[in-house]
Amino acid sequence: MAEVSYYTKDGLEKLKEELQHLKTAGRADIAKAIAEARDKGDLSENAEYDAAKEAQGLHETKIAKLEEVLANARLLDESKLDTSKVLALSVVKIKNVKNGAVMSYQLVSETEADLKSGKISVTSPIAKGLLGKKVGETTEITVPAGKIEFEILEISR
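Put into structure tokens, the structure is as follows:
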């Protein structure tokens with residue numbers, strides 16, 4: 003059974019748009035590439051045709067995976083979530099106890115994760131270490147570089 007993932011409204015819309023693009027423009031581009039390769043002659047010795055057919059298979063696999071993700075996607079109503087502790091979709095402001103560095107992250111699903119915009123996956127080591135914690139608590143999280151102690155300064159939506 004596939005795993006249920008929770009998404010923000012924007013994240014779910016992005017997935018739907020990507021799927022729509024893959025089904026329309028993506029399929030049309032691949033069909034065009036196959037037709038062009040077919041026009042070049044003998045299919046038994048046509049590497050372009052083989053490559054285009056393989057690309058089509060990969061494209062259809064991607065569509066199937068995205069459809070499965072969407073089938074198991076759940077939209078979270080952020081207004082009803084508890085802000086007293088860290089949950090999925092929480093925006094958490096944390097401080098590295100050792101060096102005093104303060105950072106802010108939103109905990110999102112794997113497909114929405116984007117470190118540049120401050121969104122980390124709920125399955126990442128830092129997010130796992132923060133889940134369920136409350137403001138003022140400290141937690142020691144094991145990351146690839148070792149163990150880091152963080153203090154939770156603020157939780158919001």
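Residues in the sequence shown are numbered from 3 upward in steps of one, following my numbering.
Glycine is no exception: its CB is placed at the ideal position from the N, C-alpha and C atoms.
**Message:** Can you list, in chain order, the residues of its chain with a C-beta nearer than 6 Å to that of residue 92? Leave out the 5 residues immediately preceding and following it.
**Reply:** 109, 157
**residue 122 - partner residues in DSSP beta bridges** = 109
**Request:** May I ask you to report which of helix, strand or coil DSSP gives residue 53?
**Result:** helix
**Request:** Just the C-alpha distance for residue 139 and residue 7, rounded to the nearest angstrom, thanks.
**Result:** 27 Å
**Request:** Could you spell out the range, first to last residue, of the beta strand (DSSP E) harbouring residue 2?
**Result:** Here the chain comprises residues numbered 3 to 159, so residue 2 is not present and cannot be evaluated.
**Prompt:** Between residue 105 and the rest of its own chain, which residues show a CB-CB distance below 7 Å, the 5 nearest in sequence each way excluded?
**Reply:** 96
**Request:** Flag this pair as yes or no: are the beta carbons of residue 24 and residue 64 separated by less than 8 Å?
**Result:** yes
**Message:** Could you tell me which whole alpha helix (DSSP H) segments of length 4 or greater appear in the segment 9–38?
**Reply:** 11–23
**Prompt:** Could you give the residue range of the alpha helix (DSSP H) that holds residue 130?
**Reply:** 127–132
**Request:** Pick helix, strand or coil for residue 91, following the three-state DSSP scheme.
**Result:** coil
**Nearest candidate by alpha-carbon position, reference residue 32, set 54, 48, 150** = 54
**Asked** DSSP three-state call for residue 3: helix, strand or coil?
**Response** Its pLDDT being 49, under 50, residue 3 is placed unreliably by the model, and the measurement read from it follows with that caveat. Residue 3 falls in the coil class under three-state DSSP.
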